[in-house]
Amino acid sequence: MTRRMVLCVVILMGAATLRGEDLRALELVWLDSHGLFPDFERVRSEADPIFRDLGVTVRWEVGTDPRPSLKEEARIQVVLMPSEPSGWGLSANAMGVVLLPERSQQDSVYLFYGPILRNVGLGRKAGAMLEPRARRDVGRAIARVLVHEVVHAIAPNLFHADEGVMHDALLIGALLQREIEVDRRTKEEFLRGLFE
Ligand SMILES: [Zn+2]
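Start counting the sequence shown at 1297; every next residue gets the next number (my numbering).
What follows is the structure, given as structure tokens:
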């Protein structure tokens, strides 16, 4: 199977605005308005153990429309996008991007469905049309890109690690292997960003 490099692009437009007080859980809002990958529970079941390794539990909410939140607590919306990253001026292989708008009450992580499919060796296909094994693979890959970008959102100064979920180029192996490492520095910086 061909290995493709996957570039992760992070755009930092301002300081992270996610630092509430005495947070015990991270609140994430899953938005798949186009119904690209309806099996959210699979994404969640893959992402939760990685977040646990990072030291947090996640309160998930499934949203319907991307819209600004009026809540001021730590809350990130995760948006699965049908568009190609090149349309955003990003590398064609970018699977995710973080926008941290200054003074925004809600930071956003965007995941690009097309490149995620390509980077696990699949052609463009709606999640509902995938065979069970492919659906498992795509759910796992989405979860790992999701965690990667959420870490960027929480700890914008951390950037990348030499291995594991915060590697700058998540290859097919890292996207699909049974488990993925969370390195100590990533965990420390993530918790510092979330709780301090
Ligand atoms: Zn990255």
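Beta carbons: idealized from backbone N, C-alpha and C, even for Gly. Note that the coordinates shown come from a computational prediction; the quantities given were computed from them, not determined experimentally.
query                                                                                                                                                                             : result
Excluding the 5 residues flanking A1321 on each side, which residues of the same chain have their C-beta closer than 7 Å to its C-beta?                                           : V1352, T1353, V1354, R1355
One question on the structure: do V1461 and H1448 come within less than 7 Å of each other, judged by their Cβ atoms?                                                              : no
For P1378, which residues in the same chain have their Cβ closer than 7 Å to its Cβ, ignoring the five residues on either side in sequence?                                       : H1330, L1332, Y1409
Does Q1473 pass the burial test, meaning 16 or more other C-beta atoms within 10 Å, or should it be called exposed?                                                               : exposed
Does DSSP classify D1403 as helix, strand or coil?                                                                                                                                : strand
With H, G and I counted as helix, E and B as strand and the rest as coil, what does DSSP make of L1376?                                                                           : strand
Would L1324 and V1374 qualify as a contact pair, given that the criterion is a beta-carbon distance under 7 Å?                                                                    : yes
Please list, in chain order, all residues of the same chain as D1252 whose beta carbon is under 6 Å from its beta carbon, the five residues on each side excluded.                : The chain is shown only over 1297 to 1492; residue 1252 falls outside these bounds and no answer can be derived.
Could you give the distance in angstroms between the alpha-carbon of L1327 and the alpha-carbon of L1407?                                                                         : 10 Å
What are the uninterrupted segments assigned as alpha helix (DSSP H) that are 4 or more residues long and contained completely in the segment 1395 to 1463, given in chain order? : 1409 to 1415, 1428 to 1450
Determine the extent of the alpha helix (DSSP H) in which R1355 is found, giving its start and end residues.                                                                      : Here R1355 belongs to no alpha helix (DSSP H); instead the beta strand (DSSP E) covers 1353 to 1358.
Could you spell out where the alpha helix (DSSP H) holding L1386 opens and where it closes?                                                                                       : It is not in any alpha helix (DSSP H) - L1386 carries neither H nor E in the DSSP assignment.
For a test of the three-state rule: what should DSSP assign to R1474, helix, strand or coil?                                                                                      : coil
Looking at the unbroken alpha helix (DSSP H) that takes in L1350, where does it start and where does it end?                                                                      : 1336 to 1350
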